[in-house]
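Set out below in structure tokens:
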């Protein structure tokens, strides 16, 4: 017979022997990788990586949203841009690495959630589990020094609290709060739904922007937009053939409240729309947070301002430019800056940088400003530049900006000629025998955002169900209760899945009911 000392020695000797890991087959490695991928820890990591991977999309211009910005970035930083392009940083949301993270996140979440659905379904139909061997180790516990107990009263109490109960002569097993796990699953399934509908909806959607001056019409095709960003899966031939005309734009101001005097209260764009070329004209209004719903699109107001009507004539009186020019607001009183480009002027092309003041006022420094956004006393000042406008370079040019670096200033600034000043209806001569310019009238413009997403209602639905699942998780406690009756006494123990301050009170109530005598 081997002594205990010898047996200990043998065990120690065996422990000192090198451990040889078993050889894993390709199937075993695949099973291990799948378990790692479908763990909640990896899902959270992937969600974090997806958020981090989205950052370059907001730092660098994207070809899908701002192609001119990408061209300009390559022009200003040719070496850096070429290096960044190798990593698809100008196409972040369609890049290989971003798509890989997105797909892995889907697989991980689905792999996490689906097995739990089966487990939860079995739990719903299963009886409460058997009592632990030692109830005193539970977070809520009470022992009664009595050999008998009124289990009937305890059962009535637990039923009143919506517990599912299994009772025997020697005890009670009870459980409640299955909706907590249901809410947990509901939350994660809805989160998957949000990710799917956001991703797929983004691919099937488009967004367009257009500045419409009063009297202008937008036709729903790509060429009509100032900016157009289709999704990767969007079919441009499927665009609804509606048209939209801006009839008028008006602003309501507050003149009653001293603390808000003169501030805008409402913006109203009156429009005429047609769903198809043969459809009747429909009169509508677009207001802030009240978009116009058209077939396949929603139309929002995102900005507004003034569009002075300018007429430029050469020295022979021939019109070289005529029409409204959109002036971009620079402050809350709509002091606005506009660029007028005259490429067909005779004898040479020129441009005008102009400021528009709806209600002109003079500062102590002598500079002009506007002290109210409504055109009570409108005035326009103009700085004139002669030279190449850069419209023949083949590159897209910002219509609202005048590049004056290579041009000669002939009016305003340090040119020696005062800036031109015009009120509505006035005409002044341009310097250098360039002709005349007339401030013929004043119109308003509205900046419109046109969006289409066929799955936006489903995004809202899954967002609401995600919130609903989260509420269930937070407000419904998951509890298990056991009552043991033996010759040594009666034991009551309870366990909660999360921190539950009322668990001790529940055990005390059950203990009291066990002491009650039946009538």
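In my numbering, the protein residues as written are 17 to 535.
Where a beta carbon is used, it is the ideal one built from N, C-alpha and C, also for glycine.
In this text, all values refer to a predicted model and were calculated from it rather than measured experimentally.
8 Å contact criterion, which residue i and residue j should meet: CB distance rounded
i           : j           : result
residue 372 : residue 322 : 6 Å
residue 418 : residue 450 : That belief does not hold up - the Cβ atoms of residue 418 and residue 450 are roughly 15 Å apart, past 8 Å.
residue 192 : residue 178 : 5 Å
residue 464 : residue 228 : 6 Å
Proximity to residue i [Cα-Cα], best of the options
i           : options               : result
residue 488 : 201, 316 and 265      : 201
residue 493 : 66, 511 and 361       : 511
residue 440 : 400, 478, 396 and 429 : 396
residue 297 : 353, 233 and 303      : 233
residue 351 : 320, 301, 415 and 198 : 320
residue 215 : 470, 292 and 263      : 470
residue 269 : 360, 442 and 389      : 389
residue 299 : 291, 287 and 292      : 287
residue 72  : 44, 114 and 304       : 114
residue 346 : 378, 367 and 374      : 374
residue 498 : 158, 448 and 237      : 158
residue 357 : 408, 385 and 383      : 408
residue 218 : 482, 126, 245 and 332 : 245
residue 482 : 152, 376 and 207      : 207
residue 239 : 231, 197 and 257      : 257
residue 145 : 102, 180 and 468      : 180
residue 76  : 62, 93 and 65         : 93
residue 427 : 312, 401, 414 and 337 : 401
Exposure of residue i, with buried meaning 16 or more beta-carbon neighbours within 10 Å
i           : result
residue 453 : buried
residue 117 : buried
residue 518 : exposed
residue 329 : buried
residue 551 : Coverage of the chain is limited to positions 17 through 535, which leaves residue 551 absent and any answer about it impossible.
residue 361 : buried
residue 526 : buried
residue 139 : exposed
residue 204 : buried
residue 521 : exposed
Assigned secondary structure, residue i (DSSP; H/G/I helix, E/B strand, else coil)
i           : result
residue 301 : strand
residue 318 : strand
residue 448 : helix
residue 203 : helix
residue 394 : coil
residue 416 : coil
residue 225 : strand
residue 219 : helix
residue 431 : coil
residue 25  : Summary for residue 25: the model assigns pLDDT 45, below 50, so the residue's position carries little reliability, and this model does not support an answer.
residue 17  : Legend: pLDDT at residue 17 = 44, less than 50; position of this residue unreliable, no value from coordinates given.
residue 70  : helix
residue 277 : coil
residue 367 : strand
residue 439 : coil
residue 154 : coil
residue 401 : strand
residue 538 : In the structure displayed, the chain extends from 17 to 535; residue 538 sits before or after that span and is not available.
residue 294 : coil
Endpoints, beta strand (DSSP E) assigned at residue i
i           : result
residue 466 : 451-468
residue 131 : Not the beta strand (DSSP E): residue 131 falls in the alpha helix (DSSP H), residues 112-141.
residue 425 : 424-427
residue 281 : 280-290
residue 536 : This structure does not reach residue 536, given that the chain is present from 17 up to 535, and the question cannot be answered.
residue 375 : No beta strand (DSSP E) contains residue 375, which DSSP labels as neither H nor E.
residue 564 : Since the first and last residues shown for the chain are 17 and 535, residue 564 lies out of range.
residue 336 : 335-340
residue 147 : It is not in any beta strand (DSSP E) - residue 147 carries neither H nor E in the DSSP assignment.
residue 266 : 259-269
residue 509 : 505-512
Short CB-CB distance (under 8 Å) between residue i and chain D
i           : result
residue 486 : The chain inventory of the structure shown lacks chain D, comprising one protein chain alone.
Extent of the continuous alpha helix (DSSP H) run through residue i
i           : result
residue 482 : 472-491
residue 97  : 94-102
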